[in-house]
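Participant: So that you can map any letter, position 180 of the sequence shown is 181 in the working numbering, and since no number is skipped, the others follow by simple counting.
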Amino acid sequence: MKTLKNYFPRLDTKQVALLGLLAALLLILSRFTFGPDWLKFGFSFIASGLIAKWYGPIWGAFVAFICDFIGATILTSGQPYFPGFALSAIVGALIYGFSFYNRDHLSWTRVIVTTAIVLVVVNLCLNTIWVITLQNAWHNSGMLKTMVSTRALKQLVFWPIQSILLYVILNNKQLDRLRADIFAR
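#1: Compute the Euclidean distance between the alpha carbons of Asp69 and Pro58, then round it to the nearest angstrom.
#2: Indicate whether Arg127 and Ser89 have their beta-carbon atoms separated by less than 7 Å.
#3: Taking the straight line between their C-alpha atoms, what separation do you get for Gly61 and His106?
#4: Taking buried to mean at least 16 other C-beta atoms within 10 Å of its own C-beta, is Tyr56 buried or exposed?
#5: By how many angstroms is the C-alpha of Ala53 removed from the C-alpha of Tyr1?
#6: Is there contact between the segment 154-170 and the segment 26-35, where contact requires at least three CB pairs shorter than 8 Å?
#7: Tell whether a beta-carbon distance below 7 Å holds between Ala94 and Ala65.
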């Protein structure tokens, strides 16, 4: 039986340093998005997947929250902090972590299903709720339908792209060797 200790390992100095680098990568990738505010495309899921696979769901959720908070408060220009997106980041990190952590090789099925869960639960459901709330669009049924259908189409298009990228990167032999060097006890 897996306990919290299995998902929340104690880290040594090298592991903390690598976690800091991956957190910086997550922050950088989250800044490089394109598209309108209500339909952003980005690649921060790559860093989230690496953190989840190497550090587990608890560390992943912690880093996701910290990076979201830093990104939303320090790295933005005057926009107020909205905690809903932090919740989305935490939920996504937990899903990736529970699915990917401590697995030497991730199967196509695991990556495809996990990516679909994150895309539906986090991106389509939670993030759409936050965007609609921030846009104050709950009373505009036309805007709601357009936003939900456009965001659903985006998730459908990005599902194979994210799945392929995660599969290739998370099963990369050089990254596996780096992980083995850093996590060797």
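Just so it is clear, CB atoms sit at the ideal spot from N, CA and C, and this is done for glycine as well.
Facilitator: The answer reads as follows:
#1: 16 Å
#2: Per the sequence shown, the amino acid found at residue 127 is Leu instead of Arg. Against a cut-off of 7 Å, the Cβ pair of Ser89 and Leu127 comes out as a contact.
#3: 19 Å
#4: buried
#5: Because the chain spans 2 through 186 in this model, residue 1 falls outside it and cannot be assessed.
#6: no
#7: yes
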